[in-house]
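Encoded as structure tokens, the structure appears first; notes follow it.
Numbering (my numbering), first residue to last: 16 to 93.
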């Protein structure tokens, strides 16, 4: 997950991680819903939209394949 720097609602900052990370949890799909709702809410704020567009990206990887998780994480930095 990547967030642009700028004026972001502090209430959402507690659920949006400040840097890319992997979630190895059965509730990952629910987490994705929460992230998408948070991003949609932030993008409706005119003050934020004047300076930036906030997006999130969620990629599900095979939990039994740690190498895939590492590969997915590395693509974020390219």
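Glycine included, every Cβ here is placed at the ideal spot set by N, Cα and C.
| Asked | Found |
| --- | --- |
| Residue 56 in three-state terms, based on DSSP | helix |
| Buried versus exposed call for residue 50 [16 or more other C-beta atoms within 10 Å across all chains shown] | buried |
| Coarse secondary structure for residue 77, derived from DSSP in three states | coil |
| Reduced DSSP category for residue 62 - H, G, I as helix; E, B as strand; rest coil | helix |
| Three-state class that DSSP yields for residue 48 in the structure shown | helix |
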